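So the structure is just underneath, and the comments pick up after that.
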Amino acid sequence: MALDIQKIRAQFPILHQEVNGKPLIYFDNAATTQKPQEVIDALSNYYHTDNSNIHRGAHTLADRATRYYESTRTLLKDFINAKEEAEIIFTKGTTEGINLVASCFGKKFIEQGDEIIISTLEHHSNIVPWQILCEEKGAKLNIIPINEAGEIDFEAFENLLSSKTKLVSIVHASNALGTINPVEKIITKAHQVGAKVLLDGAQSSSHLEIDVQALDCDFFVLSAHKLYGPTGLGILYGKREVLDAMPPYQGGGEMIKEVTFAKTTFNELPFKFEAGTPNIADVIAFGKALEFINELGKKAIKAHEDELLSYASAELSKINGFIPVGTAKDKVSVISFNINGMHPFDVGMMLDANGIAVRTGHHCTQPLMQRFGIEGTVRASFAVYNTKSEVDALVASVAKIAKLKNKS
Ligand code: PMP
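Last residue of the sequence shown? That's 408 in full-length UniProt numbering, and every number before it is there in order.
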């Protein structure tokens, strides 16, 4: 059934404002999504009525806060179909999830001469931690090339795989181009040489149904703020046997079983990787964001976003001077483009003057921009609350801007 977009929009207070004298059109959803009222309320309700430290309190508030906090973990287990809650580790976000794996998996399992594979499409957060690790360990970082459409070269990937490959860490859906990678095939091939696979789900998790058991990935990371939840929060999913084999990330409270000056023993999963008092309020509010998504259903969300994507792509392509960047067959709702003769930043400024929020620049994917020989792009990215008439406004504005340099 089609979604009632106006009813959905009514739940997002931030959308109902003017920017530069024009109604706000928010098309920067790949950077961060807006938050529904329920999420905003959950943050303030927590501090009004439930604030308490979790897991060890013997009083009612501590018990309540613990139950709410842990119920988000259960929601997340179901959201990505993990086997058990213990496989869901709360982090600061995708970036920290990847760094945790680079640090802990890397410390134990990466040795001199080993190889790690990433792709040209990666966000800096899925490049730099591996560069640091490879430098430290004397390991090699291999990069899967892409074609002009922004799709990975699968044959080249197969050729990079060998018994030296210990890990393949790859983006599920590109934040810069929208490309959805063929992760099922990638995981199968990687496992054939005994490599583990990490999926960067920062972008895919809000658009695609995620089933980590069906995918059989070893790690999956995501950020709450791309899923209508709070910033500075995310999860690392890992298969129990892999997480169990890894040393802890940080030392401190919560992550221990027993501490003496002679020896410390570590807590069980997931707490082994969650040192210190966590981001309790935001985790609880994230639960409300997940309920919001679950209520609408990922299928319906994707159907709506796909409609906006194909409509916007078709309409923008008619504009003289419009240059799409990344034209993969399989995409999430991201359109990256340039206007002939114009700097992406200038296009972004002009769109902002019309109340339209887009992202411009390299999108934390500088090597990808280098691959295309460009400095950056203008990126419009859609979420469930966006409408066709907002796309019309974008197309009209882009057409006007393009005309400045591209007389038809
Ligand atoms: N990977 C991808 C594909 C992303 O889009 C982002 C966020 N732009 C990240 C990683 C990093 O996420 P965060 O900043 O929330 O840690």
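We put the beta carbon where it would ideally sit given N, CA and C, even for glycine.
Note that the structure is predicted; figures quoted are calculated from it, not measured.
Would the beta-carbon of residue i be found less than 7 Å away from any heavy atom of ligand 2?
i: residue 165; result: Among the ligands modelled here, namely ligand 1, ligand 2 does not occur.
Taking the alpha-carbon positions, what's the residue i to residue j distance?
i: residue 336; j: residue 378; result: 6 Å
i: residue 314; j: residue 322; result: 11 Å
i: residue 264; j: residue 249; result: 14 Å
i: residue 65; j: residue 72; result: 11 Å
i: residue 68; j: residue 284; result: 6 Å
i: residue 345; j: residue 104; result: 39 Å
i: residue 409; j: residue 405; result: Absent from the structure is residue 409, since the part of the chain shown begins at 1 and ends at 408.
i: residue 296; j: residue 78; result: 15 Å
i: residue 219; j: residue 13; result: 35 Å
i: residue 50; j: residue 232; result: 21 Å
i: residue 380; j: residue 307; result: 14 Å
i: residue 356; j: residue 23; result: 8 Å
i: residue 400; j: residue 347; result: 11 Å
i: residue 75; j: residue 108; result: 30 Å
i: residue 349; j: residue 206; result: 27 Å
i: residue 162; j: residue 120; result: 19 Å
i: residue 291; j: residue 70; result: 14 Å
i: residue 111; j: residue 252; result: 27 Å
i: residue 328; j: residue 261; result: 57 Å
i: residue 362; j: residue 338; result: 12 Å
i: residue 309; j: residue 318; result: 15 Å
i: residue 224; j: residue 288; result: 11 Å
i: residue 286; j: residue 191; result: 33 Å
i: residue 294; j: residue 210; result: 12 Å
i: residue 351; j: residue 217; result: 40 Å
i: residue 370; j: residue 131; result: 18 Å
i: residue 244; j: residue 235; result: 17 Å
i: residue 277; j: residue 311; result: 46 Å
i: residue 52; j: residue 11; result: 28 Å
i: residue 34; j: residue 302; result: 17 Å
i: residue 62; j: residue 193; result: 47 Å
i: residue 409; j: residue 316; result: Residue coverage of the chain in this structure runs from 1 to 408, which leaves residue 409 outside it and unanswerable.
i: residue 182; j: residue 59; result: 49 Å
i: residue 138; j: residue 333; result: 39 Å
i: residue 343; j: residue 402; result: 11 Å
i: residue 359; j: residue 96; result: 23 Å
i: residue 267; j: residue 106; result: 21 Å
i: residue 20; j: residue 127; result: 37 Å
Just to check my reading of the structure: residue i and residue j have Cβ atoms closer than 8 Å, yes? What is that Cβ distance to the nearest angstrom?
i: residue 164; j: residue 122; result: Not quite, the Cβ-Cβ distance comes to about 20 Å (not below 8 Å), so this is no contact.
i: residue 212; j: residue 81; result: 6 Å
i: residue 240; j: residue 84; result: 7 Å
i: residue 133; j: residue 144; result: The Cβ separation is near 18 Å, so there is no contact.
i: residue 255; j: residue 274; result: 6 Å
i: residue 326; j: residue 222; result: Actually they are not in contact, since the Cβ atoms of residue 326 and residue 222 sit about 21 Å apart, beyond 8 Å.
i: residue 184; j: residue 227; result: Rounded, the Cβ-Cβ distance is 22 Å, inconsistent with contact.
i: residue 397; j: residue 354; result: 5 Å
i: residue 99; j: residue 129; result: 5 Å
i: residue 298; j: residue 180; result: Not a contact, Cβ separation roughly 14 Å.
i: residue 390; j: residue 8; result: With 8 Å as the limit, residue 390 and residue 8 do not qualify as a contact, their Cβ atoms being about 13 Å apart.
i: residue 189; j: residue 158; result: 6 Å
i: residue 280; j: residue 54; result: 6 Å
i: residue 86; j: residue 269; result: 4 Å
i: residue 173; j: residue 204; result: 4 Å
i: residue 39; j: residue 230; result: 7 Å
| Below 8 Å, can you find three or more Cβ-Cβ pairs linking the region 379-395 to the region 28-36? | Contact holds: three or more Cβ-Cβ distances are below 8 Å.
| task | Examine the Cβ distances between the region 164-175 and the region 188-202 and report whether three or more of them are shorter than 8 Å. | result | yes
| said: Below 8 Å, how does it come out for the region 142-162 and the region 87-102: are there three or more Cβ pairs, yes or no? | reply: no
| How do the region 368-377 and the region 40-49 stand: do at least 3 beta-carbon pairs fall below 8 Å, yes or no? | no
| said: For a minimum of 4 consecutive residues, which ranges assigned as the alpha helix (DSSP H) are wholly contained in the region 114-181? | reply: 128-137, 154-160
| Fully enclosed by the region 39-94, which alpha helix (DSSP H) runs are 4 residues long or longer? | 60-80
| message | To test your reading of the DSSP string, which unbroken alpha helix (DSSP H) runs of 4 or more residues are found completely within the region 347-397? | response | 366-372
| request: Run through the region 207-240 for me and flag every whole alpha helix (DSSP H) of 4 or more residues, listed as ranges in chain order. | output: 212-215
| task | Could you tell me which uninterrupted alpha helix (DSSP H) segments, each at least 4 residues in length, are contained entirely in the region 271-323, listed from first to last along the chain? | result | 280-296, 298-317
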